[in-house]
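Add 29 to the 1-based position in the sequence shown for our numbering, that's all there is to it.
Glycine included, every Cβ here is placed at the ideal spot set by N, Cα and C.
It should be emphasised that the depicted structure is a prediction, and the values quoted were computed from it without experimental measurement.
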Amino acid sequence: ERMSSGGSGNYYNIFSPTAHIQTMKTSEALALAQSADPTVTSVSSTSQIATLWAGMGQIVKVKCETSSSGSKRTIIAKHITCKNPRSFGDQRKAASYHVEAAFYSQYSAALSDRHICCKGLHTEDKSSGKGGEAEITIVMTPLPNATIHYMSGDTARAAVRSVARLHAHFWGQSKSEAAVQNGLAPQGTYWYLDTRPDEYDNMPRHGLSGKLKKAAHDIDEGLKSHPYQTICHGDLKSCNMSLSADPRYVTLVDFQYVGKACCAKDLAYLFVCGIDVDDDFEERQEEAMLRLYVDELRANGVGDDDAGWGGALPTIDGLKDALDIAYCDLYRWMLGWGVWGNGFLEDRVDRCLDQILETLG
30 ERMSSGGSGN YYNIFSPTAH IQTMKTSEAL ALAQSADPTV TSVSSTSQIA TLWAGMGQIV
90 KVKCETSSSG SKRTIIAKHI TCKNPRSFGD QRKAASYHVE AAFYSQYSAA LSDRHICCKG
150 LHTEDKSSGK GGEAEITIVM TPLPNATIHY MSGDTARAAV RSVARLHAHF WGQSKSEAAV
210 QNGLAPQGTY WYLDTRPDEY DNMPRHGLSG KLKKAAHDID EGLKSHPYQT ICHGDLKSCN
270 MSLSADPRYV TLVDFQYVGK ACCAKDLAYL FVCGIDVDDD FEERQEEAML RLYVDELRAN
330 GVGDDDAGWG GALPTIDGLK DALDIAYCDL YRWMLGWGVW GNGFLEDRVD RCLDQILETL
390 G
């Protein structure tokens with residue numbers, strides 16, 4: 030659902046040495062830069078670092094001069110233009126950019142201080158409001174390092190800690206619902222059942238796929254009503270991450286599909302589509318990752334009743350159960366769209382689906 034950049038497969042390849050084509054007028058870049066930082070006096074260069082899916086815009090790196098003793102700075106401008114989106118998929122994408130703009134304008138300042146995201150510097154929304162279109166520009170700080178291509182070991186653990194920090198900020202029904210009222214998506218992720226009717230229709234009706242198709246609405250409802258609600262990132266691929274200034278954490282980008290969901294939806298996607306896992310992942314690594322996740326939630330105040338956090342700290346057993354449901358939900362979408370990621374998913378769903386249906390029933 031994301032972006033492409035110069036054939037590298039790296040959606041936010043801000044630090045690539047590859048020469049990029051200039052695609053933004055200097056005057057336009059200067060106006061954006063000065064909106065983000067009034068000390069900017071001139072623009073020395075602009076270069077395209079990525080294009081958005083379906084030709085809906087671009088991401089531009091702007092190098093600036095400032096009035097502070099010849100100081101220089103770099104900003105990133107994500108410019109979205111989606112006129113008259115007609116297909117269901119294009120309407121979903123256009124809506125997602127409004128969500129991303131809300132995230133950067135309202136939440137990135139606090140979360141960037143904790144290495145979770147880049148800091149939003151300026152947001153413009155010139156959308157007419159007609160037909161679900163989007164004409165939005167989000168100006169932000171650049172990533173601290175190059176985006177990640179391979180995620181294992183310490184880098185994978187850093188990702189789990191950062192996801193927990195993000196979730197902790199919105200943990201519980203009341204905080205996550207308040208974030209929805211402030212413009213984040215009522216349902217986080219890009220594969221939830223209500224937004225993927227075509228893929229649901231494409232699912233084969235026999236075997237495990239047919240069984241999962243029949244159970245899809247019960248699984249979806251089980252996740253919506255699950256007590257472990259938070260705001261999920263919704264697209265935790267490695268190329269949407271960079272090692273942060275603190276190497277114990279990563280910095281995330283691409284917040285189009287950030288919204289309310291059971292925390293296990295982010296974890297399932299991270300474990301299947303983000304982290305590069307070994308053959309013993311289910312036997313040894315998965316539980317260790319869940320324990321690290323819970324430890325980070327605890328360190329960030331989740332479960333602290335004295336602080337009025339409003340949501341209980343999840344248990345390991347509770348997370349395992351939620352994760353199985355989320356694995357089934359993720360595989361449901363893949364069976365109608367295309368299966369990819371780590372190879373344990375099909376066997377895992379096959380093993381746990383009957384028990385899940387018994388529990389949800």
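Going by other Cβ atoms of all chains shown within 10 Å of its Cβ, with 16 needed for buried, is Glu250 buried or exposed? exposed
Checking 9 Å against the spacing of the C-beta atoms, do Lys101 and Pro114 come in under that value? no
Go through its chain and collect everything with a Cβ distance to Ser125's Cβ below 7 Å, but skip five positions before and after it. Closer than 7 Å at the Cβ level, and outside the excluded window around Ser125, lie Gln285 and Tyr286.
When the Cβ atoms of the stretch 368-382 are set against those of the stretch 218-232, are three or more pairs found closer than 8 Å? no
Own chain, CB closer than 7 Å to Glu312, minus 5 neighbours either side, in chain order: none
Could you say which of Leu352, Ala131 and Arg186 lies nearest to Leu150 if we only look at CA atoms? Ala131
Using 10 angstroms around the beta-carbon of Pro46, count the other beta-carbons present and answer buried if the total reaches 16, otherwise exposed. Unreliable placement is indicated for Pro46, whose pLDDT of 36 sits below 50; the coordinate value is still reported in the next sentence. Label assigned to Pro46: exposed.
For Gly52, the first and last residue of its enclosing beta strand (DSSP E): The sequence given here has Thr at residue 52, not Gly. No beta strand (DSSP E) holds Thr52; DSSP gives it neither H nor E.
For the candidate residues Gly365, Phe300, Val189 and Val72, whose alpha-carbon lies nearest to that of Trp220? Gly365
Answer with buried or exposed for Lys242, where buried requires no fewer than 16 other C-beta atoms within 10 angstroms of its C-beta. With 16 or more other CB atoms across the displayed protein chains lying within 10 angstroms of its CB, Lys242 is buried.
Smallest Cα separation from Thr184: which of Val69, Gly288, Thr344 and Leu281? Leu281
Between the stretch 341-352 and the stretch 315-333, can you find at least three pairs of beta-carbon atoms closer than 8 Å? yes
Using CA atoms only, rank isn't needed, just tell me which of Ala293, Lys253, Ser238 and Pro173 is closest to His262. Ala293
Whole-angstrom Cβ separation of Ser73 and Ile177, contact assumed at under 8 Å? Their Cβ separation, rounded to whole angstroms, is 28 Å, which puts Ser73 and Ile177 out of contact at 8 Å.
Ignoring anything shorter than 3 residues or poking outside the stretch 271-336, list the beta strand (DSSP E) runs there in chain order. 279-281 and 288-291
Using only the alpha-carbon positions, how far apart do Ile324 and Met363 sit? Looking at the sequence provided, one finds Asp at residue 324 rather than Ile. A direct Cα-Cα distance of roughly 31 Å separates Asp324 from Met363.
Who pairs with His108 in a beta bridge, going by DSSP? Gln87 and Thr166
Is the beta carbon of Thr103 less than 9 Å from the beta carbon of Pro173? no
How is Thr218 classed by DSSP in three states: helix, strand or coil? coil
Quick check: what's the CA-CA separation for Gly84 versus Met53? 15 Å
Euclidean distance between Cα positions of Gly330 and Leu299: 23 Å
Please report how far the alpha carbon of Ala58 lies from the alpha carbon of Ala139, in whole angstroms. 26 Å
Quick check on Asp264: does DSSP put it in helix, strand or coil? coil
If we ignore side chains and look at the alpha-carbon of each, how far apart do Ser273 and Arg327 end up? 21 Å
Contiguous beta strand (DSSP E) assignments of at least 3 residues, all confined to the stretch 131-198: Taking only runs of at least 3 residues, the beta strand (DSSP E) segments lying wholly in the stretch 131-198 are 149-154 and 163-169.
Return the CA-CA distance between Arg5 and Pro276, expressed in angstroms with no decimal places. The chain is shown only over 30 to 390; residue 5 falls outside these bounds and no answer can be derived.
Could you please give me the residues that DSSP links to Arg102 through a beta bridge? Per DSSP, Cys93.
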